Structures are given as structure tokens and as C-alpha cells.
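**Student:** Before anything else, here's the structure in question.
Protein chains: 2
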Amino acid sequence: MSDDPRRLEAVVSQFRKAGLDGTLAACPVRGILDKISDKWSMLIVLELAAGPLRFNQIRRAIPDISQKMLTQTLKELQRDGLVSRKVFPTVPPAVEYQLTEIGTSVLRPFSVLVEWADANYQAIETARSSFDVPVAV
Amino acid sequence: MSDDPRRLEAVVSQFRKAGLDGTLAACPVRGILDKISDKWSMLIVLELAAGPLRFNQIRRAIPDISQKMLTQTLKELQRDGLVSRKVFPTVPPAVEYQLTEIGTSVLRPFSVLVEWADANYQAIETARSSFDVPVAV
DNA sequence: CGGAATCCCTGAGGATACTG
DNA sequence: CAGTATCCTCAGGGATTCCG
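Residue numbers (full-length UniProt numbering), protein chains in the order written: chain W, 1 to 137; chain E, 1 to 137.
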């Protein structure tokens, strides 16, 4: 059940980089994690996994995202090179969003995470219900 | 470079569960991701990867975490069964935190993510610097 | 259709002080 | 040492309105 210890040490040491010069911004891994850990990025990337989608298609696929957040997150994903944007000069305009090569590559780590979540969420809920230390603030 | 399409479809469909009954809370995967995507959980888990640590040891290992957030996040991790807490009735008291079995198991998905981040952060920074659409609010 | 611009509010999280 | 208890800030993000 346990993983290769070498691998884990490498992972931890990656994070340790953060402390070396006193600034966490210097740690690329932390930077990436901060990005993917925002509320919508992963969702959008996963929606685009099946193929390119237009603005309102994504919106309908993620019903609880606001237009503002969709716009903003798509811009961030573009800026980071995970998503490309193609405008068709029609009337009314059509805009298509698509995963780039690097955007597609992030699906693999995502899927590993999702698998873990799927395999373990029951255990977590069990632990949670049999544990009554008040966590909430 | 691309992954197994079957796998990806499964991942996306996991997320799609979220929309089915209108509430995202119903999606276990989203729930887990929300958890691990908070600012400190992953950091703490990774620090504990090497072995049990005491409260102030963790604190020193993550210099920019506040005492409040360390306490709070450790409680959440306990509640979710990822971390165990052992109190030694000495004076002054010593408290040791340690990854549980399930807490250890999450290191694998983490490490995949970290590997991806490490392999791709340069490409992302490159994309970012050659892209001047204002993203920030 | 695909956004941009504004206003506003909530809550994550930092700073500080105190305690068993 | 290992926390609790408050107070307070500020940025993430929702709702609404307007635009080419």
C-alpha cells in the first residue's frame, strides 16, 4: 500500500524549496498547486477534456459558475497556456475554447487524484461521522 | 503524450455527478478536491510524509503558516482520518502528529501532481510571460 | 453570443493576546 | 509546549447591468 520512499522524499523536497529563500513564491510546485486549487480551473479543464467547447457550452456544463468567474478562469488558463481560444468572425461571434497540449497533459495527474478520491471518500466520510471534535470555526 | 481516453471519460463523468441533483455537495470527488485544495492541507501532509512530527516542528517546517491555521487544518485532517494525534502526558505536554494509512495513501496522487508541476512549470511561466492579456482583476 | 464593468458581501485566514 | 479565543482584513467570487 505504501509508495516508493525515494519518490516521496523527492516530493517533499520539492515543497521544501519554498522555505529556502524565505518566499513561497519561489516554489514552482506551490505556484502550480495554488493555480489548480482554485475553485473552477480543474472543472473547466475537465469539461474541455472531451473536446473544444464554446463559452456558453462550458457555462451550461458547469451550472453554478458565474459568468464572471468563467471569463476570469478561462483567461488564467489561457495565460498559463493550458487552454487556447479561437474566435470565429461570424455574426453573432462564436468563440471556441480548447485544451492545449500542456492542458491535456494535466489530465493525467487530475485523473489520479480523482481515482484516489473515488476510492477513499467513503473511508473519509466514515472517519468524519465517528469523530466529533468540532472542526468548524 | 495523451492518456487513455476511457480513463479520462470516467474522470469527467465523476465530476458530472455534481450537476445531476443540482447540488455540488453530492459529488464526493468535488468534496475531496475542495478539501485537499485548501491552502495548507497538502503542505502539512507532505511534511508528515517523512514521519511523525510535533506541533511546533510542523510549524517550523512551514514558516508562513499561522498557529491558528495549523491547529485548524490539523483538526480537519484528523477528522477526515488522514492524520492521527498522540498525546504524551509529560510536562510540558508533547503531542505527535502522524499520517494514518489513508493519509499515507494520498501521497501517491500528490506526488503525481508534484511531478507534473515540476515538469511543466517552465512551460507555464514561458506562456505567461509571452501573453499579456491582463488576467488580474 | 461573449463578454466587460461595478457593486457588494462572505469567509478564509492573519495578528495578537491569553491559558493549562 | 500546545493550544484557545477574538478581532479584523482583504480578496474571491456572486449578482447585476451594460456593450459590440
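Glycine included, each C-beta is placed from N, C-alpha and C at the ideal position. Fair warning: this is a prediction, and the values are worked out from it, not measured in the lab.
Taking the alpha-carbon positions, what's the Leu113 (chain W) to Asp38 (chain W) distance?
**Tutor:** If you take the alpha carbons of Leu113 (chain W) and Asp38 (chain W), they lie about 15 Å apart.
**Student:** Starting from the Cα of Gly31 (chain E), find the closest Cα among W:Gly51, W:Cys27, W:Arg128 and W:Tyr121 and give me that residue.
**Tutor:** Considering only alpha carbons, the answer is W:Tyr121.
**Student:** Which complete alpha helix (DSSP H) runs does the stretch 35-110 of chain E hold, if anything under 4 residues is left out?
**Tutor:** DSSP runs (the alpha helix (DSSP H)) wholly in the stretch 35-110 of chain E: 41-47, 55-61, 67-79 and 101-105.
**Student:** Please check the pair Phe55 (chain W) and Val95 (chain W), which I expect to be a contact at CB under 8 Å, by giving their CB distance rounded to whole angstroms.
**Tutor:** With 8 Å as the limit, Phe55 (chain W) and Val95 (chain W) qualify as a contact, their Cβ atoms being about 5 Å apart.
**Student:** Quick one: list the residues of chain E neighbouring Trp40 (chain W), beta-carbon separation under 9 Å, in chain order.
**Tutor:** Going along chain E, no residue has its Cβ under 9 Å from Trp40 (chain W), so there is no contact; the nearest lies around 11 Å.
**Student:** Could you tell me whether the stretch 43-59 of chain W touches the stretch 99-115 of chain E, where touching means 3 or more Cβ pairs closer than 8 Å?
**Tutor:** In short, these stretches do not touch, since the Cβ pair count stays below three.
**Student:** Where does Ser129 (chain W) fall in DSSP's three states?
**Tutor:** Helix, per DSSP.
**Student:** Near Gly51 (chain E), what residues of its chain come up, given a Cβ to Cβ distance below 8 Å and the 5 sequence neighbours on each side ignored?
**Tutor:** Closer than 8 Å at Cβ, skipping near neighbours: Gln98.
**Student:** For Pro63 (chain E) and Leu48 (chain E), what's the separation of their Cα atoms in angstroms?
**Tutor:** Rounded to the nearest angstrom, the two C-alpha atoms are 15 Å apart.
**Student:** Applying the criterion that 16 or more other CB atoms from any shown protein chain within 10 Å of the CB defines a buried residue, is Thr73 (chain E) buried or exposed?
**Tutor:** Classification of Thr73 (chain E): buried, given that the 10 Å Cβ count is 16 or more.
**Student:** Taking all protein chains shown into account, decide if Gln67 (chain W) is buried (16 or more other Cβ within 10 angstroms of its Cβ) or exposed.
**Tutor:** Exposed is the call here.
**Student:** Using the beta-carbon count (16 or more within 10 Å), is Val45 (chain W) buried or exposed?
**Tutor:** Classification for Val45 (chain W): buried.
**Student:** Identify each residue in the stretch 96-123 of chain E for which the Cβ-Cβ distance to at least one residue of chain W is less than 9 Å, and report them in chain order.
**Tutor:** So the list reads Thr100, Glu101, Ile102, Thr104, Ser105, Val106, Leu107, Arg108, Pro109, Phe110, Ser111, Val112, Leu113, Val114, Glu115, Trp116, Ala117, Asp118, Ala119, Asn120, Tyr121, Gln122 and Ala123, given in the order they occur along the chain.
**Student:** Just tell me which of W:Ile65, W:Leu43 and W:Gln78 has its CA closest to the CA of Thr126 (chain E).
**Tutor:** Considering only alpha carbons, the answer is W:Gln78.
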